[in-house]
Amino acid sequence: MCFAKIIEQIKLRRAFRIWSNKNYQKSSLRSPLKQQYINTNITYNPKIKNLLSPNYTIIDQNNFFKIESPKVDIKQKQEEKLPLNLKFGDIIYFKCYIDQRKKGIVSGDGIANNQLECLPQEFIDIFEAFEKKDNQRKSSKNFSVFNKSAQLQFRKCLFQIVNEKKYYYQDKFYKAKLLEEENLKFEAMAQLENKTKKEFEENETNYERLIGLNINYGQGFQLKHVFSQCYLTLNQDILASENGCREMVLQQVSNQYSNFTIYSVKGSKEVGEPVLYSDQINIRNLQNKQYWLNVNKLKQNQQYNQGLEVNASETNTAFKVCCYMDYKTNIERESSKGKILQVGEIVHLYNKSLSGFLAIKNNFDMKKILSERVNIFSYNNNKFYMNQDYLDFNYTKHQLRNLFELCVHKENDSAYTQEEQSKIMQENQDFNIYILWEIQKIESFSSTLPKYKEKFRIKNVCTGLYLVLQNNKLELTYDGGLKECEFYLHPNRYFELNSNIVYNNTIKIQASNTKGGTSIVFVQEDEGENESKVICKEKQDLDKKNIEMTYFDVTPSDQNKRIIADQISSLFPSLFEFYGFLQNWGIEFNNLEISYTYKCAFDNQKELNNKLQHLQQTIQNLNQFLDVEDSILYKRQIILLQNGIVNLIVYILKQIHFKIYGQHQGDNQFVQINERSPSKIAQIQLNQAVQYLYQVLVQTIKGNSQIASYILSHKNNFLGFFLNQLEFYSVKKIFMYLQQYQQQYIINFILIYISIYIKKEVKVLLKETVKWMEATEEKEEENIQIWTSKLQTINYKNIEIQTFIAELLELSIQSPLGKAITQNQKYCRKYIFKYPIKKPKFDYSLIRFEFRDNIPIIIFNKPEEIGTDRNFEINNEKLILLYEEARKSQELKMKTFKQGIQNNYYELKFINGFIEKKLKTKSLGILQQYEDYVIQVLQLYVSLCKERNPKIIEILNNQVGLTKTFVKECIKIFNPFDFNQSQFYHLRYYNCFLGLYQQFLIDVEPLMRISENLNSCLIREDLKSFTITDRSFKLFQKYTIKSKYKADMANTLKMNMKELEQKEINEENDYVKYQLFKQYAEQIVMQEENIYKHSQELINQLFTESNEIPQQLNIKLHMDMKNKNPNINIDIEKFSLYLLDVILSSLNVVKNRIDLGFNDLASNRRIIKYLPNIFVGYIQFWSVQKDENFVHFKNYKKNWLCAFMFDNLQLCKDNFIVVKVYYFYIIIFFYFIFLKKRYYQKHQIYLRYQKIQIEAQQQQIKQKEKWVKEQTL
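For the sequence shown, numbering that gives the first Met the number 0 gives the first residue as 0, with consecutive numbering after it.
(1) Report yes if the CB atom of LEU607 is closer than 7 Å to the CB atom of GLN684, and no otherwise.
(2) What residue from GLU186, LEU722, PHE486, ILE1260 has the CA that sits closest to LYS452's CA?
(3) Between the C-alpha atoms of PHE848 and GLN997, what's the straight-line distance to the nearest angstrom?
(4) Could you check where the beta strand (DSSP E) with GLU485 kicks off and where it finishes?
(5) Short of 8 Å in beta carbon distance, which residues of its chain neighbour CYS1211, apart from the five on each side in sequence? Order them along the chain.
(6) Please report the residue range of the beta strand (DSSP E) in which GLN279 lies.
(7) Please specify which runs of the beta strand (DSSP E), each continuous and at least 3 residues long, are wholly inside the stretch 788-861, giving them in chain order.
(8) Any idea if ALA311 is buried or exposed, counting beta-carbon neighbours within 10 angstroms, 16 or more meaning buried?
(9) On the DSSP bridge assignment, give the partners of GLU1264 in chain order.
(10) Tell me which residues share the same chain as ASN603 and place their Cβ nearer than 7 Å to its Cβ, disregarding the 5 neighbours each side in the sequence.
(11) In three-state terms, what does DSSP make of MET188?
(12) Output yes or no for whether 7 Å exceeds the beta carbon distance between ASN281 and ASN234.
(13) Report all residues from its chain with a CB closer than 7 Å to the CB of LEU399; omit the five preceding and five following residues, and keep chain order.
(14) For GLN801, count neighbouring Cβ atoms within 10 angstroms of its own Cβ and tell me buried if that reaches 16, exposed if not.
(15) Figure out for me which residue from LYS1235, LYS1196, PRO1171 has the closest Cα to the Cα of MET1204.
(16) For ARG245, which beta-bridge partners are listed by DSSP?
(17) Over the uninterrupted alpha helix (DSSP H) stretch that includes PHE1203, give me the two end residues.
(18) According to DSSP, is PHE199 part of a helix, a strand, or is it coil?
(19) With VAL161 as the anchor, note down where its beta strand (DSSP E) starts and where it stops.
(20) Throw me the rounded Cβ distance for the SER263 and TYR216 pair, which I believe falls under 8 Å.
(21) Pair every Cβ in the stretch 860-878 with every Cβ in the stretch 814-828, then say whether three or more of these pairs are closer than 8 Å.
(22) Spatial neighbours of ALA564 within its chain, please: C-beta separation below 6 Å, excluding the five flanking residues on both sides.
(23) Is it the case that the Cβ atoms of PHE859 and ILE873 are separated by a distance below 7 Å?
(24) Tell me the residue span of the beta strand (DSSP E) that contains ALA226.
(25) Could you tell me the alpha carbon to alpha carbon distance between ILE672 and LYS759, rounded to whole angstroms?
(26) So, helix, strand or coil for TRP291, using DSSP?
(27) Give a yes or no on contact between the stretch 510-530 and the stretch 384-394, applying the rule of three or more CB pairs nearer than 8 Å.
(28) In the DSSP assignment, what residue or residues form a beta bridge with SER370?
(29) For LYS33, count neighbouring Cβ atoms within 10 angstroms of its own Cβ and tell me buried if that reaches 16, exposed if not.
(30) Look at the alpha carbon of LYS945 and the alpha carbon of PHE383, and state the distance between them as a whole number of angstroms.
(31) Measure from the alpha carbon of ALA149 to the alpha carbon of each residue in ILE812, LYS165, TYR92, then state which is nearest.
(32) Whether or not the stretch 327-340 and the stretch 515-534 are in contact is what I'm after, with contact meaning three or more pairs of Cβ atoms, one per stretch, closer than 8 Å; do they touch?
(33) From PHE721 to VAL761, what distance separates their C-alpha atoms?
(34) Quick one: grab the DSSP three-state call for PHE1336.
(35) Just grab the DSSP bridge partners of GLY107 for me.
(36) Could you pull the start and end residues of the beta strand (DSSP E) that GLY355 belongs to?
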């Protein structure tokens, strides 16, 4: 090398040394890392790139410079070279110019709603945009606390290009299946289905063939949304919000309207030329070529801070296709998933020192962020001031994010073993989706693999909140575009700074603070708590002892959890934004007054309709989210509760209620809805939404005690709202209102129908809530007190509500499986029959019974004050008039009482809906309502008696009039098996009295249930005296009873109580005591067998040799009567349900007789002989339902039960009753198996006892013989 060249090289080195030192100092001041940890690789400055070849890098190592070949990542180099041509399989996004300065990117959700919108490309602070326009901010209906920016939700902007598909046979098969065409035979349908499968397979193979090939202008393709896996589809049946446009939606299943093609803007390129990424294009639908993909234009004075609608229009919009990831890179990335962190992936951040995940604690409650304002409602020139709950957008964003708290959720507990901890950890993770985080690059639309040295945004997937370092404090924010949201994921080993982020590697989350230093995310350990707080500490303040609290492992997440988190992150904002829109709909802001006006509501009907469509889509997706197996359903219900969606739905219902009915200051009151009022528009538009919302709430509560208790919680005050809903959606009130406005008959009919349906849904919701509520004493007593406080004297207006209250009380005192909750029975007895405050509720509510002139009488309780007779007569005038007509009727012949007609005394058989149909007057369903009330109260009385509750039985005997004799006579009168009786329309009464019969006479002390008897100890005398033909109670019975039954025992055995007590106290008289109990049990059984007799008669009637169905139970006979005589008005489906209820009640009696030992061997053999008829009828019914051949069974004796079950199961539409039939059949056979097993055990014990006795006797004989021999010797 010549001397001149050496000198030139030295000068160049010196120049670059000076430049590199200056550049190094500047970069070290800006970087949050310390200087010694910064990578010293220095690339060339473009200004001096001619001085040295760009293929070399100057590296500073201990002030010695040397020239090396660079280490270039081949994959990164390939990724940086963006492809030129658009190809099948590429992942792309669409960019367009909204105006000359602003760009937008097409985005879609596909989960909460299926519509598309064009979002601003750059992050916009909404509150800054509204800063100078406070009034506009308050009144804006589209205002949202969730920032909509393409950079922040880039995953929703990505589409994958797939091939055009054929749908000829798929469409034909779908239509044939939908219409169920009878002309198409089975073979033709099979052929069509086969062709459909082949067409589907052909579409798949076409994509595999086309992947990687260029897309040409005029060529067909489809766009698959990456976030939701839906397809972009033209929905030409629905209008978009823009005039003259159709909806462009994301649809889960593609169709012929999902095929599109590309044309060049202004025809600059011909059909057949390849599409380049730099081209300006138009997108056109192939099926309906008049529609193009279009973005709405900005209106005058409209700011582009929210999304613009993307629809299908006859005018087109120019788009630029941008490449996010080409098809090759996409395939490579799929293979490396789970190893290297990729762009936008969802991960866990696991803290090893605490064995917990970085998470967000959700304390969401709408009550905490709602304010109150006064709205003016105008009716007939009168102003009404109503209090409205609303979101104040000045503070909502700040308040909402304060409801969430950053923490580390601990998963371990020292009290458990390692295996138990792992199980608990897995179960908790199934519920906890707050531990999922999305790692976003600052340049979101760059698909290069992220490296440690880059800056990132850290977003909680479920809530959409970002980590932010504000004022040197770690907080959460929805404004992810702020500079304060940029963090470094610093590796534990500093030489990895320039490498890709690998899973299960340890990192520190750190950022630059305002003091010019570095802050690191630090976990504060709290002993004894499941969550630990997370803060930021300056690097210099950290010690070696607590440095481990800053380490997090990046671990991959489960795909199912990611999907659920994405669904929740879409559903919650959609519902929240609907609430924000609805609160301001129809409202005018005039200076200081806020008025709810007809003009404003009328002008914004279309906007409301569009929002309701979005809400309906959200609810449909919620229903799909809950349409899973029971084991998964429970977890998903808890997720909806934890994420505040249940709470939000209830508050949406409250806001809808306010928009329709309003709310007076200090009082809820039914507001009359005028024809030209905003409330009328709201009623027409929003009632259907109410129906859908209640259906979702019912789904969230089913089988979930935690959510049921949350709904009934006194803190939430939801219960009062739901009870008021029953009043506001009363058909009587709406019918009275509609009588004033007869112009719009169709709308009025629809309103009545929807009101009936809503009321039904509210009832179902409350019933499910009470049924599945958590069994804690405080909550149970509080709720029972609420229900009993609602009990009132019956009248025509409140009878429906009173029936429902009685039903809720019945549900609250028994478990979902029908077992009584004794503590709740006690609360019911306390608040209904005792004097806790003033008078017991029973004195002026519910019903009593008497027996006069061999006629069962029902008495409706009423207050005894002066004038109450007159009030009762006025309030129940229609009932009294109907009874007068029934008395005059020659067919019915209702009797007059000796004391004269009392307005609350009636023959029991008169309170029946069928009686009203037999009278000549027009049937209004009045008696049906009174019958429903009486039946429900009787069922409440039956439930109160369950599990042998003697105090309630005593009250029913003495105060209510339900004695054993009364029940016996009523069963005789209403017995449907009696051919001489024509009381087939009193089947419901028969079921109720049969239930009371069981509680009074069968399920009594001292009999013991065989199914619950686990005692293997027996009395020797019982074993000796028992034979196989005896009643089984003789072997299975109690020999101790509670003190409250002693009086009954003394009564039954006709002896003095003192004498009984003396015998019990004397320890030497155990044998006498044993004999007394045996006599008592014998008397109880024989009393039912000889005096009351009905249960044995029931067995004889059910399990008889006859194949002829009893006349009163023959559904076909009643159908023929109805066809021959049009005046007989019987609801066949309902009547079939009542008949099945009779058989179920009868089977329940049979089941209890077997379980309690009433039956002897002959009775049990008779039951086993004929019982399979129920199962055969059930199988025959399902064979017809499934179009399968009926299997003929052997080894059973056929009787009328088989035909009865088949006929009625075909007509009954209640699936629950069908399942109950099968359940009772199985449980009776189970009792027989258990009885046989227990007999065998007792027999083995007896044989063992005999063997021991024989051995003892033999040993005694041997000993005597031995003694005799010894004496002889």
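Ideal Cβ placement from N, Cα and C applies to all residues, glycine included.
In terms of the structure at hand:
(1) Here residue 607 is taken as the residue at index 608 of the sequence shown, counted from 1. Here residue 684 is taken as the residue at index 685 of the sequence shown, counted from 1. In contact: LEU607 and GLN684 (Cβ atoms closer than 7 Å).
(2) Taking the first residue of the sequence shown as position 1, residue 452 is located at position 453. Comparing Cα positions, the closest option is PHE486.
(3) Walking along the sequence shown from the start, residue 848 turns up at place 849. Walking along the sequence shown from the start, residue 997 turns up at place 998. If I take the Cα positions, the gap works out to 19 Å.
(4) Mapped onto the sequence shown, residue 485 falls at position 486. Counting along the chain, GLU485 falls outside any beta strand (DSSP E), and DSSP gives it neither H nor E.
(5) Here residue 1211 corresponds to residue number 1212 of the sequence shown, with the count starting at 1. Excluding residues within five positions, the ones whose Cβ falls inside 8 Å are GLU1132, SER1135, LEU1136, LEU1139, VAL1217.
(6) If you number the sequence shown from 1, residue 279 lands on position 280. That run of the beta strand (DSSP E) goes 279-284.
(7) 846-851, 854-859
(8) Taking the first residue of the sequence shown as 1, we reach residue 311 at position 312. Answer is buried; the Cβ neighbour count reaches 16.
(9) Residue 1264 sits at position 1265 when you count from the first residue of the sequence shown. Per DSSP, none; premise fails for GLU1264.
(10) Against the sequence shown, residue 603 aligns to sequence position 604. Taken in chain order, the residues that qualify are TRP584, GLY585.
(11) Locating residue 188 in the sequence shown gives position 189, counting from the first residue. The answer is helix: DSSP assigns MET188 an H, G or I state.
(12) Counting from one through the sequence shown, the residue named residue 281 turns up at place 282. Counting from one through the sequence shown, the residue named residue 234 turns up at place 235. Cβ atoms of ASN281 and ASN234: not closer than 7 Å.
(13) In the sequence shown, the residue the question calls residue 399 occupies position 400. Result list for LEU399: VAL144, ILE368, in chain order.
(14) For the purposes of this step, residue 801 is taken as the residue at position 802 of the sequence shown. Flag for GLN801 reads buried.
(15) On the sequence shown, position 1205 is the one that residue 1204 refers to. Nearest of LYS1235, LYS1196, PRO1171 to MET1204, Cα basis: PRO1171.
(16) Counting from 1 along the sequence shown, the entry for residue 245 is found at position 246. LEU238, ALA311, per the DSSP bridge assignment.
(17) Within the sequence shown, the letter at position 1204 stands for residue 1203. That run of the alpha helix (DSSP H) goes 1199-1210.
(18) Here residue 199 is taken as the residue at index 200 of the sequence shown, counted from 1. Helix.
(19) Taking the sequence shown and counting its residues from 1, one reaches residue 161 at position 162. Counting along the chain, the beta strand (DSSP E) containing VAL161 begins and ends at 158-162.
(20) Sequence index remark: in the sequence shown, residue 263 carries index 264 (1-based). Sequence index remark: in the sequence shown, residue 216 carries index 217 (1-based). Rounded, the Cβ-Cβ distance is 6 Å, consistent with contact.
(21) no
(22) As a working note, residue 564 is residue 565 in the sequence shown. So the qualifying residues of the chain are ILE432, LEU435, VAL460, CYS461.
(23) Taking the first residue of the sequence shown as 1, we reach residue 859 at position 860. Taking the first residue of the sequence shown as 1, we reach residue 873 at position 874. For PHE859 and ILE873, no; Cβs fall outside 7 Å.
(24) Taking the first residue of the sequence shown as 1, we reach residue 226 at position 227. Residue identity check: residue 226 is Phe in the sequence provided, not Ala. Run containing PHE226: none; DSSP gives neither H nor E here.
(25) Position 673 of the sequence shown, counted from the start, is the residue given in the question as residue 672. Position 760 of the sequence shown, counted from the start, is the residue given in the question as residue 759. Distance between the alpha carbons of ILE672 and LYS759 is about 22 Å.
(26) Here residue 291 corresponds to residue number 292 of the sequence shown, with the count starting at 1. Residue state, collapsed to three classes: strand.
(27) no
(28) As a working note, residue 370 is residue 371 in the sequence shown. DSSP output for SER370 lists TYR389 as bridge partner(s).
(29) In the sequence shown, residue 33 corresponds to position 34, counting from 1. Low local confidence applies: a pLDDT of 37 at LYS33 is under 50, so the model's placement there is unreliable, and no value is given.
(30) As a working note, residue 945 is residue 946 in the sequence shown. As a working note, residue 383 is residue 384 in the sequence shown. Cα-Cα distance, rounded: 51 Å.
(31) Counting from one through the sequence shown, the residue named residue 149 turns up at place 150. Of the listed residues, the one whose Cα sits closest to ALA149 is TYR92.
(32) no
(33) Looking up residue 721 in the sequence shown gives position 722. Looking up residue 761 in the sequence shown gives position 762. Straight-line Cα distance between these residues: approximately 7 Å.
(34) Because residue 1336 is not part of the residues shown, which for the chain are 0 to 1272, the question remains open.
(35) Here the question's residue 107 lines up with position 108 in the sequence shown. DSSP lists LEU115 as partners of GLY107.
(36) The residue given as residue 355 occupies position 356 in the sequence shown. Start and end: 355-361.
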